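Written out below as structure tokens is the structure these notes cover.
In the numbering used here, the protein residues as written are 170 to 1021.
If you want it as structure tokens, here you go:
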């Protein structure tokens, strides 16, 4: 039987009692199972009693933890859970005499106090409500719940509400699933992968972040482990979880990608003076966004004319194209009108008997020509870029001329240094995938789709056998990272490529993360966006909060020094400071000698915390907000939507409280949000809810989370705040400093530092990026890896490891350790071979006896 825990229960237990109360619940449940699910046979000490007078839920019970503590519970059938959960215990809430129940007065008898205490519980909870579809409920074993308390609940399985359950069980495909921040898109996508794996489908689950891949894998494994019906081993083999870039690196057989951090170093060192001389204020991140998302990452299928030599197509097909005005013939070439591709594809597929068998090879020839164009053209044509409609870029024509020039120099720098960015890597991988028939997936799931370029999405389409078997999850309102993303563009590309059908769309609007006040603010922001920019039917929707906490959103004119502002973080792990862009970030942290724990909105993507301080988020972009609030529009809608998205992502990173600190108030903004924002005049820690001091353990856990998210500079500050001993701090900080160097492209230096720290796995990854295979093997040996594991890591290159190491045995001091590892491997192989030989001999003997 599965156990359900409501979030109300977990939130209502005081931190100091958390493990104790969970242990008592565990003991209660274990006895319940031992007594064959018969409450009456359990020990009297639990004192299980029914809540008297229950009306909204048919039956609610309470059991006694001790004199002052009670746990409320019911059964799934009483709150409308699906059949598989109908007999499950649902633990609802924790009741404590001191903190939640009015204390009985003038009573000396302990027994009498308990009796009154139970009466008070009945009075308070007799009309208790628990709406399963708008509540957060977790499906876990007791052991897992206690373990999750130690590692940030990463492996929690949530009870799916009716809408979520319907989405994973209905065969809606291909599906675009839109949802707000914290709406459960990831939960749906992982459960969908599990359902598909039960049907023996090979599923490729992709996301943009390494950390999100790890979290998804953990949740999936937990779902498998909690399923008593299906074969867990089969499930785990059917689904592979992939960071998209890592998958593409393996496919392309390259070792590393030039990322934003490396681009920023290059552009600051090489091009910054050129930009300033042009008198155009461009920030590296914005330039990178334009190059990555548009100049190098866009798929221009519907903007280019496809030219194919007449002789490559059948004469019947050429005649068909011209007769139906899909193409024209010129100079022995067929010029296919790009706007007609979707219609052409659809008509051929819809008329299987008439066309498909005859024209399918011709259609394949067209798409091969498209693939060839995409692979060979690393940046789009300059005039095509400059003449794109305004909605495709936030930049003026003059700025675009400069950015295109930068893009050309950037591409030259990459090629002259044998470097590749993620769009280059995709093109290399694409050239390999299009000729593969094997190793494709039966179903593709991609989370956080808005973080991908069109080229990366096109690559995903090439990985699936049936182009209908696709689930894309994302939120257009969170498009702030360096990419250009437009749902309509993706659908157009898909329609051209697939022909037969287009995406189904579903929107999930429940926000499980943020407090009611934050969701109310986000909805008010959406109302303003619709008023100013007009409604986007796919992406402008209103959310519903299910959190019990109301939270606060406050705004204060900047009356605190930068040093004092940064010092807030030293003692409060539950707080993070977010600014609008890199310029504002460096302005803030450059005034601090030892605190770099500040994020841009882009940095903070994928993170969250209890309390967010937004610093000059409005003031930094005052001119743009004036355009918005006074409707004096000079910018294009796409640019203004970007600033709406910045503010939306900022506020939805907070679970409970937000403080906006602004140098320059905008009176119209205050007026518009007057019912949602409390304007305050003094920085009072207690009134602002900043009086709680975090424990060392809270700072340490925060540091671990930041390190997993590759926010190494901020992780270092959190490790310092955790007050570790000297050796521990040296190890944690040294590792993060080395990993930051690797992030910036200094692979060799970072690897050497990690090797000294005995961080062999990290060092191995970095040596791999700089193609230092000898040190890759060394790290594997020193890290106690098996020979087979090392061989698998180097499987993408043609390398005989034994010969490679043996030839260099005179220059390495770990050759003896290598010999031991290899001998151990060979002994295992010989043992396996011997068993196989014995089995073969036994089979031959049986056959021989039978023949006699």
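We treat Cβ as the ideally placed atom computed from N, Cα and C, and that holds for glycine.
Keep in mind it's a predicted model, so treat the numbers as computed, not measured.
Straight-line gap, residue i to residue j (C-alpha atoms, nearest Å)
{"i": "residue 373", "j": "residue 979", "result": "45 Å"}
{"i": "residue 777", "j": "residue 823", "result": "6 Å"}
{"i": "residue 563", "j": "residue 571", "result": "14 Å"}
{"i": "residue 276", "j": "residue 265", "result": "Low confidence applies here, because residue 276 scores a pLDDT of 42, under 50, leaving its location unreliable; read the following figure in that light. One C-alpha to the other measures close to 18 Å."}
{"i": "residue 541", "j": "residue 474", "result": "13 Å"}
{"i": "residue 875", "j": "residue 865", "result": "15 Å"}
{"i": "residue 179", "j": "residue 240", "result": "11 Å"}
{"i": "residue 151", "j": "residue 493", "result": "This structure leaves residue 151 out entirely; the chain is present only between 170 and 1021."}
{"i": "residue 813", "j": "residue 694", "result": "8 Å"}
{"i": "residue 677", "j": "residue 304", "result": "15 Å"}
{"i": "residue 687", "j": "residue 183", "result": "24 Å"}
{"i": "residue 245", "j": "residue 343", "result": "33 Å"}
{"i": "residue 1010", "j": "residue 625", "result": "52 Å"}
{"i": "residue 641", "j": "residue 681", "result": "20 Å"}
{"i": "residue 589", "j": "residue 595", "result": "10 Å"}
{"i": "residue 172", "j": "residue 308", "result": "6 Å"}
{"i": "residue 539", "j": "residue 656", "result": "21 Å"}
{"i": "residue 601", "j": "residue 630", "result": "14 Å"}
{"i": "residue 429", "j": "residue 382", "result": "20 Å"}
{"i": "residue 202", "j": "residue 359", "result": "30 Å"}
{"i": "residue 987", "j": "residue 981", "result": "10 Å"}
{"i": "residue 709", "j": "residue 701", "result": "12 Å"}
{"i": "residue 968", "j": "residue 610", "result": "29 Å"}
{"i": "residue 269", "j": "residue 837", "result": "At residue 269 the pLDDT is 47, less than 50, meaning the model places this residue with poor confidence and gives no usable figure here."}
{"i": "residue 940", "j": "residue 426", "result": "13 Å"}
{"i": "residue 185", "j": "residue 177", "result": "17 Å"}
{"i": "residue 1003", "j": "residue 406", "result": "28 Å"}
{"i": "residue 416", "j": "residue 380", "result": "14 Å"}
{"i": "residue 262", "j": "residue 621", "result": "41 Å"}
Which residues DSSP lists as bridging residue i, in chain order
{"i": "residue 726", "result": "831"}
{"i": "residue 218", "result": "231"}
{"i": "residue 998", "result": "DSSP, once it has assigned bridges, lists no residue as partnering residue 998."}
{"i": "residue 948", "result": "DSSP, once it has assigned bridges, lists no residue as partnering residue 948."}
{"i": "residue 191", "result": "BP columns for residue 191 are empty, so no partner."}
{"i": "residue 261", "result": "Residue 261 pairs with nothing; no bridge assigned."}
{"i": "residue 347", "result": "643, 676"}
{"i": "residue 905", "result": "Per DSSP, none; premise fails for residue 905."}
{"i": "residue 955", "result": "According to DSSP, which records beta bridges pairwise, residue 955 is partnered with nothing at all."}
{"i": "residue 306", "result": "175"}
Within 8 Å, strictly: CB atoms of residue i and residue j
{"i": "residue 338", "j": "residue 364", "result": "yes"}
{"i": "residue 617", "j": "residue 345", "result": "no"}
{"i": "residue 817", "j": "residue 779", "result": "no"}
{"i": "residue 436", "j": "residue 418", "result": "no"}
{"i": "residue 259", "j": "residue 175", "result": "yes"}
{"i": "residue 888", "j": "residue 907", "result": "no"}
{"i": "residue 505", "j": "residue 463", "result": "no"}
{"i": "residue 819", "j": "residue 786", "result": "yes"}
{"i": "residue 959", "j": "residue 970", "result": "yes"}
{"i": "residue 827", "j": "residue 783", "result": "yes"}
{"i": "residue 532", "j": "residue 507", "result": "no"}
{"i": "residue 727", "j": "residue 832", "result": "yes"}
{"i": "residue 559", "j": "residue 801", "result": "no"}
Cβ-heavy atom distance, residue i to the ligand FMN, below 7 Å
{"i": "residue 711", "result": "Summarising the ligand content, the structure contains no ligands, and the ligand FMN is consequently not present."}
Quiz item: Looking at C-beta atoms only, is the number of pairs between the region 711-720 and the region 660-676 that lie closer than 8 Å three or more?
Solution: no
Quiz item: Are three or more beta carbon pairs between the region 567-582 and the region 406-421 nearer than 8 Å?
Solution: no
Quiz item: Pairing CB atoms from the region 950-958 with CB atoms from the region 925-939, are three or more of them under 8 Å?
Solution: yes
Quiz item: Is there contact between the region 286-302 and the region 220-234, where contact requires at least three CB pairs shorter than 8 Å?
Solution: yes
Self-check item: Any beta strand (DSSP E) of 3 or more consecutive residues that is wholly inside the region 368-400
Solution: 372-376
Self-check item: beta strand (DSSP E) runs contained entirely in the region 671-731, provided each spans 3 or more residues
Solution: 673-677, 721-726
Quiz prompt | Inside the region 438-525 only - alpha helix (DSSP H) runs reaching at least 4 residues | solution = 441-446, 453-459, 484-492, 510-519
Quiz item: Does the pairing of the region 874-890 with the region 841-853 give three or more beta-carbon distances under 8 Å?
Solution: no
Quiz item: Are the region 750-758 and the region 715-725 in contact at 8 Å, needing three or more beta carbon pairs?
Solution: no
Quiz item: Between the region 543-556 and the region 782-802, are three or more C-beta pairs nearer than 8 Å?
Solution: no
Exercise. May I have a chain-ordered list of the alpha helix (DSSP H) segments no shorter than 4 residues that lie completely inside the region 772-820?
Key: 791-799
Practice problem: Would you mind listing the beta strand (DSSP E) stretches within the region 842-875 that are 3+ residues and don't spill past its ends, in chain order? | Solution: 847-849
Practice problem: Enumerate, from N- to C-terminal direction, the unbroken alpha helix (DSSP H) stretches of 4 or more residues contained entirely within the region 527-570. | Solution: 551-555
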